[in-house]
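Chemist: In the numbering used here, the protein residues as written are 1 to 268.
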């Protein structure tokens, strides 16, 4: 497994693989590594000869929240099926506005939420032109923005989505779970339970507004501080109404220091 930080060296390696007739899969890593990423890498290897893992989040993110993980990132990946780790230095230039990306985010009605990730991913896809990109449904909104971006740029890239990796009690796997206070960890799965309960209420015909209100109340009862609970059309991330058949429940809430995220897609 190679580790590359330089864009020129990356292009040289990609050209070499292309000349050898290899297909490539990109696994963009948008948060500190956890075992769910290993599942994505293994899936990517099923669809391409070579797997590139790109660490596309600022180094300061790990230093600020999980300082002990920074030195273990490479060691974590050496047991995986990745062929190359690309670790670009994320600078301000990566966040410079791309009008096309801004247009997509405006289309989804969330112009600021995913701007940095979408901009970085757009530049990476343009650099690498992989055969496939593997993404987790845990970051469903990001996945939809990237899917829309690829379609509108008519890039010959196939997106492979993987279900959210979960702990035995249902909590979505995240590097930030380690920040949960020990006394709060047993109730962390109530975010998933609340979303599932909301899905059942929607299937029973309860109004969207009422379900959101009840969901927030239920989370507060379990000690969460809700950041947001949205019920959207998962195809365009616009607010759902009572006529929308496919619904996406997206929730983010603080439990102690970390913010936990989860989602559920249902048909009614």
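Glycine is no exception: its CB is placed at the ideal position from the N, C-alpha and C atoms.
Since we're looking at a predicted model, the values are computed, not measured.
Give the secondary structure of residue 54 by DSSP, where H, G and I count as helix, E and B as strand, and everything else as coil.
Modeler: Position 54 of the chain shown holds residue 54. Here residue 54 sits in strand by DSSP.
Chemist: Taking the alpha carbon of residue 88 as the reference point, which residue from 215, 34, 131 and 30 has its own alpha carbon closest?
Modeler: Start at 1 with the first residue of the chain shown, and residue 88 comes out as number 88. When each option's Cα is compared against that of residue 88, the closest is 30.
Chemist: Mind checking whether residue 162 and residue 39 have CB atoms under 8 Å apart?
Modeler: Taking the chain shown and counting its residues from 1, one reaches residue 162 at position 162. Taking the chain shown and counting its residues from 1, one reaches residue 39 at position 39. In contact: residue 162 and residue 39 (Cβ atoms closer than 8 Å).
Chemist: Taking the alpha-carbon positions, what's the residue 254 to residue 189 distance?
Modeler: As a position in the chain shown, residue 254 is number 254, starting the count at 1. As a position in the chain shown, residue 189 is number 189, starting the count at 1. If you take the alpha carbons of residue 254 and residue 189, they lie about 12 Å apart.
Chemist: Hey, would you say the C-beta of residue 173 is under 7 Å away from at least one heavy atom of the ligand FMN?
Modeler: Among the components modelled here there is no ligand, and therefore nothing to report on the ligand FMN.
Chemist: Residue 28: which of 123, 19, 14 and 18 sits nearest, CA to CA?
Modeler: Here residue 28 refers to the residue found at position 28 when the chain shown is read from its first residue. Of the listed residues, the one whose Cα sits closest to residue 28 is 123.
Chemist: Indicate the three-state DSSP secondary structure (helix, strand or coil) for residue 36 in the structure shown.
Modeler: Taking the first residue of the chain shown as 1, we reach residue 36 at position 36. Helix.
Chemist: Can you check which of these residues, 81, 185 and 141, is closest to residue 233 by C-alpha distance?
Modeler: For the purposes of this step, residue 233 is identified with residue 233 of the chain shown, where counting begins at 1. Closest option to residue 233, Cα to Cα, is 141.
Chemist: Run through DSSP, which three-state label would residue 62 get?
Modeler: Walking along the chain shown from the start, residue 62 turns up at place 62. Its pLDDT being 48, under 50, residue 62 is placed unreliably by the model, and the measurement read from it follows with that caveat. Helix, per DSSP.
Chemist: Could you give the distance in angstroms between the alpha-carbon of residue 175 and the alpha-carbon of residue 244?
Modeler: As a working note, residue 175 is residue 175 in the chain shown. As a working note, residue 244 is residue 244 in the chain shown. Spanning the two alpha carbons is a distance of roughly 34 Å.
Chemist: Please tell me whether residue 84 and residue 52 are closer than 8 Å, where the distance is taken between their beta carbons.
Modeler: Here the question's residue 84 lines up with position 84 in the chain shown. Here the question's residue 52 lines up with position 52 in the chain shown. Yes, Cβ-Cβ distance for residue 84 and residue 52 is below 8 Å.
Chemist: Determine which residues share a DSSP beta bridge with residue 267 and list them.
Modeler: For this step, residue 267 is matched to residue 267 along the chain shown. Answer by DSSP bridge pairing, in chain order: 246.
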